[in-house]
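Number of protein chains: 4
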Amino acid sequence: MAYRTTPKMVERKQARRNALLTAAIRLFGRKGFHATTVPKIVAAAHSSTGSFYFYFKNKEDIFAAALEVIGESISQALNEAIAAAGPEVLRQMRTAVKALVRFLADHPEEARILIIESSGLGKRLETVRRNLVASHTRSVEHALTAIRGQLPPMETAVVASCWVGAVYESVFHWLEQPPDQRLPAGQLAQAIASFNLRAVGAPREVLQE
Amino acid sequence: MAYRTTPKMVERKQARRNALLTAAIRLFGRKGFHATTVPKIVAAAHSSTGSFYFYFKNKEDIFAAALEVIGESISQALNEAIAAAGPEVLRQMRTAVKALVRFLADHPEEARILIIESSGLGKRLETVRRNLVASHTRSVEHALTAIRGQLPPMETAVVASCWVGAVYESVFHWLEQPPDQRLPAGQLAQAIASFNLRAVGAPREVLQE
Amino acid sequence: MAYRTTPKMVERKQARRNALLTAAIRLFGRKGFHATTVPKIVAAAHSSTGSFYFYFKNKEDIFAAALEVIGESISQALNEAIAAAGPEVLRQMRTAVKALVRFLADHPEEARILIIESSGLGKRLETVRRNLVASHTRSVEHALTAIRGQLPPMETAVVASCWVGAVYESVFHWLEQPPDQRLPAGQLAQAIASFNLRAVGAPREVLQE
Amino acid sequence: MAYRTTPKMVERKQARRNALLTAAIRLFGRKGFHATTVPKIVAAAHSSTGSFYFYFKNKEDIFAAALEVIGESISQALNEAIAAAGPEVLRQMRTAVKALVRFLADHPEEARILIIESSGLGKRLETVRRNLVASHTRSVEHALTAIRGQLPPMETAVVASCWVGAVYESVFHWLEQPPDQRLPAGQLAQAIASFNLRAVGAPREVLQE
DNA sequence: GATGAATGAGGCTTCATTCAT
DNA sequence: CATGAATGAAGCCTCATTCAT
Chain H
23 MAYRTTPKMV ERKQARRNAL LTAAIRLFGR KGFHATTVPK IVAAAHSSTG SFYFYFKNKE
83 DIFAAALEVI GESISQALNE AIAAAGPEVL RQMRTAVKAL VRFLADHPEE ARILIIESSG
143 LGKRLETVRR NLVASHTRSV EHALTAIRGQ LPPMETAVVA SCWVGAVYES VFHWLEQPPD
203 QRLPAGQLAQ AIASFNLRAV GAPREVLQE
Chain B
23 MAYRTTPKMV ERKQARRNAL LTAAIRLFGR KGFHATTVPK IVAAAHSSTG SFYFYFKNKE
83 DIFAAALEVI GESISQALNE AIAAAGPEVL RQMRTAVKAL VRFLADHPEE ARILIIESSG
143 LGKRLETVRR NLVASHTRSV EHALTAIRGQ LPPMETAVVA SCWVGAVYES VFHWLEQPPD
203 QRLPAGQLAQ AIASFNLRAV GAPREVLQE
Chain X
23 MAYRTTPKMV ERKQARRNAL LTAAIRLFGR KGFHATTVPK IVAAAHSSTG SFYFYFKNKE
83 DIFAAALEVI GESISQALNE AIAAAGPEVL RQMRTAVKAL VRFLADHPEE ARILIIESSG
143 LGKRLETVRR NLVASHTRSV EHALTAIRGQ LPPMETAVVA SCWVGAVYES VFHWLEQPPD
203 QRLPAGQLAQ AIASFNLRAV GAPREVLQE
Chain P
23 MAYRTTPKMV ERKQARRNAL LTAAIRLFGR KGFHATTVPK IVAAAHSSTG SFYFYFKNKE
83 DIFAAALEVI GESISQALNE AIAAAGPEVL RQMRTAVKAL VRFLADHPEE ARILIIESSG
143 LGKRLETVRR NLVASHTRSV EHALTAIRGQ LPPMETAVVA SCWVGAVYES VFHWLEQPPD
203 QRLPAGQLAQ AIASFNLRAV GAPREVLQE
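Chains as they are written, first to last, in this note's numbering: chain H, 23 to 231; chain B, 23 to 231; chain X, 23 to 231; chain P, 23 to 231.
Take a look at the structure:
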């Protein structure tokens, strides 16, 4: 009757929530939102329907949570990469693209959720996904604005969209191919980065790795 | 054995089928595949469940038909544009991009179906959609290969994906914005075309309209 | 404007009706009543839905017509056999059983309709089928009554049912087996006839063929 | 992790399942497989569609379950009867027939399901039903083989089918008659048993009860 | 008479969500 | 907090039947 929530309980709580979330990410990534049913998630997580609705408001909610987790993972990966890239903006951008491609290539389920499976899911989720993508787009836009002087004039908002679209679509296409016919991830990343950098008129030196 | 199929009957048949297909495209474009139900389609087309299944095998089937119609419309638009662009490949490519952007901007429902709503829908539809997008990608790839000598070396397959992705994502982003805040379609098209052409290393002259 | 119905027309009419009926019998016999759809019947008969409903009131109607055709074929086969069997009643009965078994074995589709597929089909058809079977049962009952003196006392109505049931069930069972594992039809007929004759207490001499 | 399945829950589960199954048996027996719809079953059982599909895979499944329940009831009735009949095989057979007839006469819905309504329902159900009937047939066959020496030579497999068919058809016929015109069940059973025993050439003594 | 397009009632089934234990 | 049985709305689809040509 003493403590309502001991530390151990909190831990367990998180553990169960995570188990559900992890299972959900795997299933969403493999089968998509609609083909993934709540019963399947709870089965995969060795949990129960009741628990599911204790931790998540509904199916949309866990999908949104999944998107957020993915978004955070990506942010982290990008930030680390950028931090390691030194102060030069174009170099940071190149590094960021490559980090993003690598992340998506290494986490195909997350990639599918982000790029493919979260389309056409109703306003709420579309918004969550949009924000995620938009945060990338905005980063690109910021960067471009910061070095505006070094580059030819351009419609930065549109260019930022193109930049992100180029990454997503080509990774998507790459993921759709049978693994044994894929270009090595490194080359894919390099090719995309070059495409984008050239597209914004980066000087020749930064195009090579 | 008397009356076979009179021309008038054939006409009506086509009309009915088209009514269903048109209604379906509108709904798919607005609400997506899953939120569009067969009852809603038949209601919008002033038809009946029975007729629906007389003309289409099932819901997937009409979606595939919709994608095909869209694909054909786009092909036609692109071919016309390219034909009018003269013999120079890079100029053709620029024209094609702009024609595509214009088409998508003018047909937002079709655009949504193509870009967003047809992802993550199961193998059959994914294939149809893939073929459609792939046909664009391949066209780009062909063009790039044809003028390989004039351009810096590149991973053409990846570049083609980037090219298409840049178009789709930026148009999508544009469509998501409230109409009164949108860049004029012409400028959008111009910006995307420039992005892509610069990305493949086109000489400065072709970058301007 | 002269004759409303020429003989040739009557002929054609019959021909089309027969085509439908024949196709229906084949399909009913193979797939059963419910799995046989009107579209399938008209397709198999190279006819049309409209014609179907011109010649038959509805699906039940054509099934009833099929049962009648089958009943008539069987009656004819039995009458011929009995006529050829001479005046002795028990010999007639034995002949009749064997003729029935042969007919069913030779016409498996008709047999399936009569024995299997027409069960559980609603009052109307059950009645038609029942009358058919009942007419056999009654024949048996008549015969038994006619020679009451030569046989041990028995509940003739029940015995007649048993007699018919023995035939149907064993033919049914026989039909269900793969053709290459079946007893030859002649032996089957013989075995059933013996069973029934012995069951009514027929003297030893008539048990053999 | 606290409360697992309490005994009370298991009890309720069984109760709910049984309610559905019982309602289904009644409806199947009265209206047949096709005329019995899932909504009707759940209404009769005061349950819900969801529960139905929680306990049974589909409509076929509950029909199969019904057949199994019926089969078990019959087996039990027969085994009890046989056990009480002493060691003599022919006497056991006579007892078994009478027990079966009594069971069917006492359970007309179950009888209809077994004899009539389960024919022509597709492979799966046909198999279940076949196995049920076949188990009777085989019992008869075993018995006949066991006492082969005391009986005239015969095609035991065919004879077993005849035996079962005689029972089913005559009970069916009996059930079809209005209750007030029916022979008392005891006499029916006696008549059928005599028919079958005489048919296999049983000596006169066992023919009487 | 013949044709086949059109209709719509109604069946089966799934699954997100709730709630008693 | 955990469990899983229960619910029922709603979707997809089939098919017997009608009717305009």
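By construction, the Cβ of each residue, glycine as well, lies at the ideal position given by its N, Cα and C atoms.
Can you check whether the C-beta of residue 205/H is within less than 8 angstroms of a C-beta belonging to chain B? Counting from one through the first sequence, the residue named residue 205/H turns up at place 183. Chain B, which has a Cβ nearer than 8 angstroms to the Cβ of residue 205/H, makes this yes.
Grouping DSSP H, G and I as helix and E and B as strand, with all else coil, what is residue 158/B? Looking up residue 158/B in the second sequence gives position 136. Residue 158/B falls in the helix class under three-state DSSP.
Given that a residue counts as buried once 16 or more other Cβ atoms are within 10 Å of its Cβ, and exposed if not, what is residue 95/P? Here residue 95/P is taken as the residue at index 73 of the fourth sequence, counted from 1. Classification for residue 95/P: exposed.
Quick one: which chain P residues come within Cβ less than 7 angstroms of residue 192/X? Mapped onto the third sequence, residue 192/X falls at position 170. Neighbours of residue 192/X on chain P, chain order: 180, 183, 184, 187.
Thinking residue 130/H and residue 197/H are a contact (beta carbons under 8 angstroms), I'd like their distance in whole angstroms, please. The residue labelled residue 130/H in the question sits at position 108 within the first sequence. The residue labelled residue 197/H in the question sits at position 175 within the first sequence. Going by Cβ atoms, the distance from residue 130/H to residue 197/H rounds to 6 angstroms, so yes, they are a contact pair.
Do the segment 99 to 107 of chain P and the segment 174 to 191 of chain P touch if we need at least three Cβ pairs shorter than 8 angstroms? no
Contacting positions in the segment 137 to 151 of chain H - beta carbon closer than 9 angstroms to chain B: 137, 138, 139, 140, 141, 142, 143, 144, 148
Taking contact to mean at least 3 C-beta pairs separated by less than 8 angstroms, is the segment 55 to 74 of chain P in contact with the segment 153 to 165 of chain P? no
Short Cβ contact (8 angstroms threshold) for residue 191/X with residue 187/P: The residue given as residue 191/X occupies position 169 in the third sequence. The residue given as residue 187/P occupies position 165 in the fourth sequence. Contact flag set, yes.
Cα separation between residue 138/B and residue 64/P? For this step, residue 138/B is matched to residue 116 along the second sequence. For this step, residue 64/P is matched to residue 42 along the fourth sequence. Computed Cα separation, rounded: 41 angstroms.
Tell me which residue opens and which closes the alpha helix (DSSP H) that residue 74/X is part of. As a first step, residue 74/X must be located in the third sequence, where it is residue number 52. It spans 71 to 77 - the alpha helix (DSSP H) in which residue 74/X sits, taken as one unbroken run.
With a threshold of 8 angstroms between beta-carbons, can residue 209/X be considered close to chain P, or not? Walking along the third sequence from the start, residue 209/X turns up at place 187. Yes - at least one Cβ of chain P is within 8 angstroms of the one on residue 209/X.
Measure the alpha-carbon distance for residue 218/B versus residue 185/B and round it to whole angstroms. Counted from its first residue, the second sequence places residue 218/B at position 196. Counted from its first residue, the second sequence places residue 185/B at position 163. So the two alpha carbons sit approximately 6 angstroms from each other.
Sequence-distant residues of its chain with Cβ nearer than 6 angstroms to residue 169/B (five each side left out): Residue mapping note: residue 169/B aligns to position 147 of the second sequence, counting from 1. Result list for residue 169/B: 111, in chain order.
Cβ closer than 9 angstroms: which chain H residues qualify as neighbours of residue 164/B? Position 142 of the second sequence, counting from 1, holds the residue named residue 164/B. In chain order: nothing, as chain H lies at least about 16 angstroms away.
Got a sec? Which residues, its chain only, sit under 6 angstroms from residue 24/P by beta carbon, not counting five neighbours each side? Along the fourth sequence, one-based indexing puts residue 24/P at 2. For residue 24/P, the predicted model reports a pLDDT of 48, less than 50, meaning its position is unreliable and no value from the coordinates is stated.
On the criterion of 16 or more Cβ atoms from any shown chain inside 10 Å, does residue 87/B qualify as buried, or is it exposed? Residue numbering aside, residue 87/B sits at position 65 when the second sequence is read from its first letter. With 16 or more Cβ atoms within 10 Å of its Cβ, residue 87/B is classed as buried.
Report the CB separation of residue 210/B from residue 127/B in whole angstroms; it is logged as a contact under 8 angstroms. As a first step, residue 210/B must be located in the second sequence, where it is residue number 188. As a first step, residue 127/B must be located in the second sequence, where it is residue number 105. Right, their Cβ atoms sit about 7 angstroms apart.
For residue 199/H, does the count of other Cβ atoms within 10 angstroms reach 16, so buried, or fall short, so exposed? Translated into the one-based positions of the first sequence, residue 199/H becomes position 177. Looking at its Cβ environment, which holds fewer than 16 other Cβ atoms inside 10 Å, residue 199/H is exposed.
Whole alpha helix (DSSP H) runs in the segment 103 to 134 of chain H with 4 or more residues, listed along the chain? 111 to 128, 130 to 134
Can you give me the start and stop residues for the alpha helix (DSSP H) that residue 141/H sits inside? For this step, residue 141/H is matched to residue 119 along the first sequence. Note, residue 141/H: premise wrong, no alpha helix (DSSP H); not H, not E.
Which residues, taken in chain order from the segment 102 to 133 of chain X, show a beta carbon closer than 7 angstroms to some beta carbon of chain P? none
Could you please give the first and the last residue of the uninterrupted alpha helix (DSSP H) stretch that includes residue 214/P? Here residue 214/P refers to the residue found at position 192 of the fourth sequence. Per DSSP, residue 214/P belongs to the alpha helix (DSSP H) from 207 to 221.
Please say whether residue 114/P and residue 165/P have beta carbons closer to each other than 8 angstroms? Counting from 1 along the fourth sequence, the entry for residue 165/P is found at position 143. Counting from 1 along the fourth sequence, the entry for residue 114/P is found at position 92. Yes, these two residues count as a Cβ contact at 8 angstroms.
Any beta-carbon of chain B closer than 8 angstroms to the one on residue 85/H? Sequence index remark: in the first sequence, residue 85/H carries index 63 (1-based). Closer than 8 angstroms: no.
In angstroms, rounded to a whole number, what distance separates the CA positions of residue 40/H and residue 91/B? Taking the first sequence and counting its residues from 1, one reaches residue 40/H at position 18. Taking the second sequence and counting its residues from 1, one reaches residue 91/B at position 69. If I take the Cα positions, the gap works out to 44 angstroms.
When we look at the beta-carbon of residue 50/H and count the other beta-carbons within 10 Å, is it buried (16 or more) or exposed? For the purposes of this step, residue 50/H is identified with residue 28 of the first sequence, where counting begins at 1. With 16 or more other Cβ atoms within 10 Å, it is buried.
From 189/P, 159/P, 144/P, 143/P, residue whose alpha carbon lies closest to that of residue 178/P: Counting from one through the fourth sequence, the residue named residue 178/P turns up at place 156. Closest by alpha carbon: 159/P.
If residue 67/H sits next to residue 45/H, beta carbons under 8 angstroms apart, how far is it from one beta carbon to the other, in whole angstroms? Translated into the one-based positions of the first sequence, residue 67/H becomes position 45. Translated into the one-based positions of the first sequence, residue 45/H becomes position 23. About 4 angstroms; that satisfies the 8 angstroms criterion.
Among the residues of its own chain, which have a CB less than 7 angstroms from the CB of residue 147/P, if the five just before and after it don't count? Mapped onto the fourth sequence, residue 147/P falls at position 125. Cβ within range, chain order: 82, 85, 86, 140.
Closer than 7 angstroms by beta-carbon distance: list the chain B residues that pair up with residue 82/H, in chain order. Sequence index remark: in the first sequence, residue 82/H carries index 60 (1-based). What residue 82/H touches in chain B: nothing, since even the nearest Cβ is about 13 angstroms away.
Checking 8 angstroms against the spacing of the C-beta atoms, do residue 215/B and residue 120/B come in under that value? By 1-based counting over the second sequence, the position of residue 215/B is 193. By 1-based counting over the second sequence, the position of residue 120/B is 98. Yes.
Roughly how far, in whole angstroms, is the beta-carbon of residue 142/P from the beta-carbon of residue 54/X, given that I think they are within contact range, below 8 angstroms? Position 120 of the fourth sequence, counting from 1, holds the residue named residue 142/P. Position 32 of the third sequence, counting from 1, holds the residue named residue 54/X. Contact holds; Cβ gap of about 4 angstroms.
Between residue 162/X and residue 213/P, which are expected to be in contact by the criterion C-beta below 8 angstroms, what is the C-beta distance as a whole number of angstroms? Locating residue 162/X in the third sequence gives position 140, counting from the first residue. Locating residue 213/P in the fourth sequence gives position 191, counting from the first residue. Actually they do not touch by this definition, with Cβ atoms about 14 angstroms apart.
From the beta carbon of residue 76/X, is the nearest beta carbon of chain P less than 8 angstroms away? Translated into positions along the third sequence, residue 76/X becomes position 54. Chain P, which has no Cβ nearer than 8 angstroms to the Cβ of residue 76/X, makes this no.
Does residue 32/P pass the burial test, meaning 16 or more other C-beta atoms within 10 Å, or should it be called exposed? As a working note, residue 32/P is residue 10 in the fourth sequence. Label assigned to residue 32/P: exposed.
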